[in-house]
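In this note's numbering, the protein residues as written are 51 to 340.
Please read the structure below before turning to the comments.
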Ligand code: PAF
């Protein structure tokens, strides 16, 4: 595995790979790698000849009161994990390397952002779209891999790729979970022991909601109420949102008769957890290329 710190070196390598007709799989991350990330890396190996992973805690997607400084970082462990998963190139640029301060154009995401996490994180997805636009160009990826845990991110990236005709295919990979169902996340380390036990009720609530839909319930308001009550009953977390929207367009749903996402965000003392489930009236949707 080769560690790359500069854009110059990365573009030189990706240029050579393209000339050699190699296909490139890309997993963008902010590091502190866990099984959610390594699942994406392993998937990439089944799609493409070469695997590039980036580790970059992107300041532009954090709000002024968010956890940019506090975001967990562990370069050495990340390098070991990446090497164990046969990463060919690990791109770890500095903030100055990615943002030398010469921007002439600003990206602003106009759709799919005024709901779910986007509602309470203004400009977050502008930052995500900006860094991914740069990374897609630099890596020249044929395939890019995202976890469906951040389903709104998948929906926005799909919008970005479709809008600007990026020649990259998005592979959406189901959320990786702990044995008890909690979605894996770098932020889980901030949960107290008691909160960690309560956190499993987010996914349990989503599964109950999915069952209601499979059983024929079509009223999203009713389902959202039940999910809220369930989470309030089983946790001390503060619900940020429980929502049901079309996926991936993230439009409001009056009556459930199409593919939808049920998404929740709950604030615990030091960690805000999100989770979701994508459902069709007949059952869960398996995802690959979107
Ligand atoms: O999901 C993340 O870790 C980040 O939003 C991403 C895609 C690496 C962009 O910074």
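For every residue, glycine included, the Cβ atom is placed at its ideal position computed from N, Cα and C.
Owing to the predicted nature of the structure, the values given are computational and were not obtained by experimental measurement.
DSSP beta-bridge partners of residue i
{"i": "residue 104", "result": "78, 141"}
{"i": "residue 330", "result": "333"}
{"i": "residue 291", "result": "315"}
{"i": "residue 53", "result": "140"}
{"i": "residue 219", "result": "193"}
{"i": "residue 227", "result": "233"}
{"i": "residue 310", "result": "296, 329"}
{"i": "residue 302", "result": "295"}
Secondary structure of residue i, DSSP reduced to three states
{"i": "residue 245", "result": "helix"}
{"i": "residue 213", "result": "helix"}
{"i": "residue 177", "result": "helix"}
{"i": "residue 197", "result": "strand"}
{"i": "residue 98", "result": "coil"}
{"i": "residue 162", "result": "coil"}
{"i": "residue 255", "result": "helix"}
{"i": "residue 325", "result": "strand"}
{"i": "residue 130", "result": "helix"}
{"i": "residue 183", "result": "helix"}
{"i": "residue 238", "result": "helix"}
{"i": "residue 147", "result": "helix"}
{"i": "residue 121", "result": "coil"}
{"i": "residue 135", "result": "coil"}
{"i": "residue 188", "result": "helix"}
{"i": "residue 70", "result": "coil"}
{"i": "residue 283", "result": "helix"}
{"i": "residue 61", "result": "helix"}
Between the CA atoms of residue j and residue i - distance to the nearest angstrom
{"i": "residue 134", "j": "residue 55", "result": "20 Å"}
{"i": "residue 276", "j": "residue 312", "result": "12 Å"}
{"i": "residue 87", "j": "residue 263", "result": "30 Å"}
{"i": "residue 166", "j": "residue 310", "result": "13 Å"}
{"i": "residue 208", "j": "residue 182", "result": "11 Å"}
{"i": "residue 180", "j": "residue 63", "result": "22 Å"}
{"i": "residue 120", "j": "residue 70", "result": "41 Å"}
{"i": "residue 290", "j": "residue 198", "result": "19 Å"}
{"i": "residue 225", "j": "residue 151", "result": "35 Å"}
{"i": "residue 258", "j": "residue 230", "result": "15 Å"}
{"i": "residue 68", "j": "residue 93", "result": "21 Å"}
{"i": "residue 132", "j": "residue 140", "result": "8 Å"}
{"i": "residue 59", "j": "residue 188", "result": "10 Å"}
{"i": "residue 124", "j": "residue 212", "result": "34 Å"}
{"i": "residue 99", "j": "residue 307", "result": "40 Å"}
{"i": "residue 375", "j": "residue 190", "result": "No information on residue 375 is available, as it lies outside the stretch 51 to 340 that the chain covers here."}
{"i": "residue 254", "j": "residue 101", "result": "34 Å"}
{"i": "residue 221", "j": "residue 90", "result": "9 Å"}
{"i": "residue 201", "j": "residue 328", "result": "9 Å"}
{"i": "residue 298", "j": "residue 163", "result": "12 Å"}
{"i": "residue 314", "j": "residue 66", "result": "44 Å"}
Cutoff 8 Å: residue i Cβ touching any chain D Cβ
{"i": "residue 148", "result": "Looking at the structure shown, chain D is missing, and only one protein chain is on hand."}
Worksheet item: Do three or more CB pairs link the segment 299-306 to the segment 256-270 at distances below 8 Å?
Response: yes
Worksheet item: Within the chosen definition, does the segment 145-158 reach the segment 169-180 through at least 3 CB pairs nearer than 8 Å?
Response: yes
Discussion item. Below 8 Å, how does it come out for the segment 226-246 and the segment 317-324: are there three or more Cβ pairs, yes or no?
Written reply: yes
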